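Okay, so here's the structure we're looking at.
Protein chains in written order, with our numbering: chain A, 303 to 579; chain B, 303 to 579.
Quick look at the structure:
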């Protein structure tokens, strides 16, 4: 298999370079990428050191490494750009058009993108994460007044990771409530959820996949049996439908896709960036 | 204050477009950006509808909206590029250079960047999130064998959000352990942590900030008093130093910066993308 080394370099955390680089690399199949992140390249010496490392890699491997960069400081970016790699700086490509359009110069300040620049939005994300952990798995329903969304689903249908992602990425207050066998037997919406109908969103999953997930946790259990899984999922979906609760099948979707879909559909106001669509 | 409308548009979740756009916009101060994300623009009709919406905004506001785009499908991107906005497509700018360097065509497949393309890495992230929640706040130490990192700190020093971020973003198994007053009194490393010295990482925080955070939670309490907070933080830092546990002051850093620093310093192998530096 074809192998290539990829560097993510930045005078900040490198998170933007990684996120953007990963998105691009997913478009190339059949290549094994060895990925190296070097964050906090904050002075000329550090930049020169990384250039040497990239050049050595090029020499040893016989290919130019791919270098994804997000340098805010122009002098450091210029040093990096002199490396013997395929150098792509994300800021460089777009800051120019933005400056012309906005008719102002960018600040060239580090630590903005993943720093605490927007303190209100940052605090909201932290609060949302603490909220998600404190309101996980139906431990309490008394904070649902403060919730932006309450996810419903049977055990292991993906509620917890989705709530954490909504909190961390969007600053959304997300609680989750596991539908128990008793509640599914009764078929009516649990009493404690009645007042929050407009905040509810259901998760479901293919029976085969749920059997597999539960089986890894409790092999050969009733909990992981085809019969039990089938009953729970049918009852949950019937509950969603008869109460007009929107729901999504999580089997083939990532938490990013699920979260994005929920926000889009429920038109939830985001805590991180102003308004959703 | 100057106001501009920004659209994030994509035939996928729009998360990459948002990440790129947010990073760039932080470099322009004094402008209020109204941000609108339109994900899942998956056909010609939807694309045309969004173009009309952008054009209407341009007409009403008298400025071209800024449009950050990540279209994998060329035909849809071309429709979007015809809008009356400052159009910046991220894939368009970088896929070409990458194709030339890698000597292969990109797949132009949607749902890769934030989908479940790399199933192993995805599963690891989900497992890491469940691990973080199950091992939050020292509820148990019996899973520390499986932990990549165990964060230490006094109450409200930022342990939980940092663990969740390490899990969600990097697929790192992160537990956290709150240092109690009893343990801080004794000054020695708690017995249950002795076997995991090479996984420990300490958090600390400025006393003023911690007083503020605790005060919001329990006003006028001993817990939030200057004396108590001062004692706890001095004792925690002394414990880190006498046990050679690396630690970081979280006061002015975001969880992204803290996480990035911990990975960099502890040289933790990342679950999401191969290897850290």
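Glycine residues also receive a C-beta, built at the ideal position from the N, C-alpha and C atoms. The structure presented is a predicted model; accordingly, all values stated were derived computationally and were not measured.
Residue-chain proximity (residue i, chain A), Cβ-Cβ < 8 Å
{"i": "residue 571(B)", "result": "no"}
{"i": "residue 438(B)", "result": "yes"}
{"i": "residue 579(B)", "result": "For residue 579(B), the predicted model reports a pLDDT of 31, less than 50, meaning its position is unreliable; a value from the coordinates is still stated below. Interface residue, yes."}
{"i": "residue 315(B)", "result": "yes"}
{"i": "residue 485(B)", "result": "no"}
{"i": "residue 390(B)", "result": "yes"}
{"i": "residue 442(B)", "result": "no"}
{"i": "residue 318(B)", "result": "yes"}
{"i": "residue 432(B)", "result": "yes"}
{"i": "residue 424(B)", "result": "yes"}
{"i": "residue 382(B)", "result": "no"}
{"i": "residue 421(B)", "result": "no"}
{"i": "residue 564(B)", "result": "no"}
{"i": "residue 343(B)", "result": "no"}
{"i": "residue 350(B)", "result": "no"}
Residue closest to residue i, alpha-carbon to alpha-carbon, out of the options
{"i": "residue 350(B)", "options": "377(B), 364(B), 382(B)", "result": "382(B)"}
{"i": "residue 501(A)", "options": "410(A), 446(A), 538(A), 396(A)", "result": "446(A)"}
{"i": "residue 474(A)", "options": "495(A), 454(A), 433(A), 462(A)", "result": "433(A)"}
{"i": "residue 464(A)", "options": "344(A), 410(A), 550(A), 357(A)", "result": "550(A)"}
{"i": "residue 386(B)", "options": "405(B), 345(B), 404(B), 361(B)", "result": "361(B)"}
{"i": "residue 452(B)", "options": "324(B), 467(B), 479(B), 458(B)", "result": "479(B)"}
{"i": "residue 456(A)", "options": "542(A), 321(A), 344(A)", "result": "542(A)"}
{"i": "residue 308(B)", "options": "556(B), 343(B), 384(B), 390(B)", "result": "390(B)"}
{"i": "residue 448(B)", "options": "495(B), 355(B), 477(B)", "result": "477(B)"}
{"i": "residue 330(A)", "options": "403(B), 319(B), 330(B)", "result": "403(B)"}
{"i": "residue 366(B)", "options": "388(B), 328(B), 380(B)", "result": "388(B)"}
{"i": "residue 306(B)", "options": "548(B), 364(B), 376(B), 545(B)", "result": "364(B)"}
{"i": "residue 321(A)", "options": "556(B), 416(B), 408(B)", "result": "416(B)"}
{"i": "residue 494(B)", "options": "314(B), 454(B), 429(B)", "result": "454(B)"}
Cβ neighbours of residue i in the same chain (closer than 6 Å, five flanking residues each side left out)
{"i": "residue 568(A)", "result": "none"}
{"i": "residue 340(A)", "result": "311, 352"}
{"i": "residue 316(A)", "result": "310, 339, 341"}
{"i": "residue 431(B)", "result": "469, 470"}
{"i": "residue 497(A)", "result": "none"}
{"i": "residue 410(A)", "result": "374"}
{"i": "residue 304(B)", "result": "333"}
{"i": "residue 515(A)", "result": "458"}
{"i": "residue 564(A)", "result": "503"}
{"i": "residue 552(B)", "result": "460, 505, 507, 560"}
{"i": "residue 537(A)", "result": "486"}
{"i": "residue 437(B)", "result": "445, 477"}
{"i": "residue 467(B)", "result": "557, 561"}
{"i": "residue 545(A)", "result": "491"}
Interface flag, residue i vs chain B, CB-CB below 8 Å
{"i": "residue 364(A)", "result": "no"}
{"i": "residue 359(A)", "result": "no"}
{"i": "residue 353(A)", "result": "no"}
{"i": "residue 559(A)", "result": "yes"}
{"i": "residue 331(A)", "result": "yes"}
{"i": "residue 449(A)", "result": "no"}
{"i": "residue 325(A)", "result": "yes"}
{"i": "residue 372(A)", "result": "yes"}
{"i": "residue 322(A)", "result": "yes"}
{"i": "residue 480(A)", "result": "no"}
{"i": "residue 307(A)", "result": "no"}
{"i": "residue 356(A)", "result": "no"}
{"i": "residue 435(A)", "result": "yes"}
{"i": "residue 556(A)", "result": "yes"}
{"i": "residue 459(A)", "result": "no"}
Contacting residues, own chain, Cβ-Cβ under 7 Å from residue i (five flanking each side not counted)
{"i": "residue 393(B)", "result": "372, 373, 374"}
{"i": "residue 517(B)", "result": "526"}
{"i": "residue 247(B)", "result": "Given that chain B is displayed from residue 303 to residue 579, the structure contains no residue 247(B) and the question cannot be resolved."}
{"i": "residue 323(B)", "result": "308, 310, 370"}
Neighbourhood of residue i by C-beta distance below 8 Å, restricted to the same chain and skipping five residues each side
{"i": "residue 574(A)", "result": "Interpretation of residue 574(A) is limited by its pLDDT of 48, a score under 50 that renders its predicted location unreliable; no figure is taken from the coordinates."}
{"i": "residue 345(B)", "result": "378"}
{"i": "residue 539(A)", "result": "504, 506, 549"}
{"i": "residue 535(A)", "result": "456, 506, 507, 509, 512"}
Contact the segment 508–527 of chain B vs the segment 482–490 of chain B: 3+ CB pairs below 8 Å: no
Three CB pairs or more closer than 8 Å across the segment 553–566 of chain B and the segment 319–336 of chain A: no
Residues in the segment 466–478 of chain B having any Cβ partner in chain A nearer than 9 Å: 466, 467, 469, 470, 471
Three or more C-beta pairs below 8 Å linking the segment 438–454 of chain A and the segment 396–405 of chain A: no
Near-chain A residues of the segment 491–520 of chain B - C-beta to any C-beta below 7 Å: none
Chain A contacts made by the segment 390–404 of chain B, where a contact means CB separation under 9 Å: 390, 392, 393, 395, 396, 397, 399, 400, 401, 402, 403, 404
The segment 521–554 of chain B: positions lying closer than 8 Å to chain A by Cβ: 554
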